[in-house]
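Q: Protein chains in written order, with my numbering: chain V, 17 to 121; chain Z, 2 to 147. Cβ atoms here follow ideal geometry from the backbone N, Cα and C, with glycine treated the same way.
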Amino acid sequence: MTVEILTGENYITAVLKGELDHCTAAGAREIIDARLEKYTPRLCILDFSGVSFMDSSGIGLILGRQRVASVFGGSVRVKNPSRYAEKIIKLAGLEKMILPENCKV
Amino acid sequence: MKTVNYMKITFPAMAKNESLARSCVAAFAAGADPTVEELTDIRSAVCEAVTNAIVHGYRSVAGDITLTLKMTEDNCLYIKVSDKGCGIEDVKKAMQPLYTTAPEEERAGLGFAVMEAFTDSLRVTSRPGKGTAVIMKKKLTDKFES
Ligand SMILES: Nc1ncnc2c1ncn2[C@@H]1O[C@H](COP(=O)(O)OP(=O)(O)OP(=O)(O)O)[C@@H](O)[C@H]1O
Ligand SMILES: [Mg+2]
């Protein structure tokens, strides 16, 4: 799993690529949190378009970043999850965190 | 129902073996020509069970995980993931969605819910101090039927 961070005005995007499981989530978490704490953005977008596999560890990653961001009043959204990742996000009741498809961020 | 293929592997409880376990089940199931969706479902279900054995079962001790796979004549895949870890006091409670004993590690308490949603049946047996076994069944589409 690789994570690339893009910074914009008041938001950051974490572009995740690869398989997201318990083994790889820890590394992703570290990279994202370092930037979250540095920039304290209003919005943190987790770009899931390159996530080829995800299990419940992905839900832990989303909720954990939401917890970190909420400390400084920020929020987290998920962009472009695969149909499959979406299934797990819905199972967790987090569909409201998915950005609409035509969203321009 | 007659068994047409089976396989059993044992590996140490290490996080990097989560991907090994899901590759194994995918390779095993490939012989039955499953749909992409079925394949993703069983990879996730196996990954959840194996991750649980690693992060909960063998939380404080090292040990082995055994993955047993069986394919029957009617295209049913039987999956068993067993560990000799700490076991579960109250299985019913553990299986409730959002229940977790490791919230500080960012566990969401959804592993069993995923296994339940993505397979056709899920059975968990456990004995505190002895270990846990998770047995799942997934009916794969029979392309020659219908
Ligand atoms: N193999 C196991 N050995 C010991 N305890 C287990 C085992 N599997 C599950 N448990 C217990 O059952 C609880 C629920 O498991 P479940 O997979 O549903 O959630 P989780 O692992 O806590 O979180 P998530 O799977 O969302 O990361 C765990 O928190 C743990 O206490
Ligand atoms: Mg779990």
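#1: When every heavy atom of ligand 2 is checked, does at least one fall within less than 8 Å of the C-beta of residue 102(V)?
#2: In this structure, does DSSP put residue 27(V) in helix, strand or coil?
#3: Mind the definition here: the stretch 49 to 63 of chain Z touches the stretch 28 to 40 of chain Z only if three or more C-beta pairs lie below 8 Å; say whether that holds.
#4: What residues in its chain sit with their C-beta under 6 Å from that of residue 11(Z), if we drop five residues either side in the sequence?
#5: Using only Cβ atoms and a threshold of 5 Å, which residues come within that distance of a heavy atom of ligand 3? Order them by chain position.
#6: State yes or no: is the beta carbon of residue 46(V) nearer than 9 Å to at least one beta carbon in chain Z?
#7: When you compare the CB positions of residue 80(V) and residue 32(V), do they come within less than 9 Å of one another, or not?
#8: Does the beta carbon of residue 112(Z) come closer than 9 Å to any beta carbon on chain V?
#9: Give, in chain order, every residue of the stretch 52 to 66 of chain V whose Cβ lies closer than 7 Å to some Cβ of chain Z.
#10: How far does the beta strand (DSSP E) with residue 83(Z) in it reach, from first residue to last?
#11: Under DSSP, the beta strand (DSSP E) around residue 62(V) begins and ends at which residues?
#12: Near residue 20(V), what residues of its chain come up, given a Cβ to Cβ distance below 7 Å and the 5 sequence neighbours on each side ignored?
#13: Got a sec: which bits of the stretch 99 to 117 of chain V sit with their beta carbon under 7 Å from any beta carbon on chain Z, in order along the chain?
#14: Which residues, taken in chain order from the stretch 58 to 69 of chain Z, show a beta carbon closer than 7 Å to some beta carbon of chain V?
#15: Considering residue 100(V), what are the terminal residues of the beta strand (DSSP E) in which it resides?
#16: Considering residue 48(V), what are the terminal residues of the alpha helix (DSSP H) in which it resides?
A: Checking against the coordinates, here is how it stands:
#1: no
#2: Residue 27(V) falls in the strand class under three-state DSSP.
#3: Proximity of the stretch 49 to 63 of chain Z to the stretch 28 to 40 of chain Z falls short of the contact definition, fewer than three beta-carbon pairs being nearer than 8 Å.
#4: 65 and 67
#5: Judged by which ligands are present, ligand 3 is missing from the structure shown, whose ligands are ligand 1 and ligand 2.
#6: no
#7: no
#8: yes
#9: Answer set for the stretch 52 to 66 of chain V: empty.
#10: Following the DSSP letters along the chain, one finds residue 83(Z) inside the beta strand (DSSP E) bounded by residues 77 to 84.
#11: 59 to 70 is the span of the beta strand (DSSP E), which, as asked, contains residue 62(V).
#12: Around residue 20(V): 31.
#13: 100, 104, 107 and 108
#14: none
#15: Element bounds for residue 100(V): not the beta strand (DSSP E) but the alpha helix (DSSP H), 99 to 107.
#16: 38 to 55
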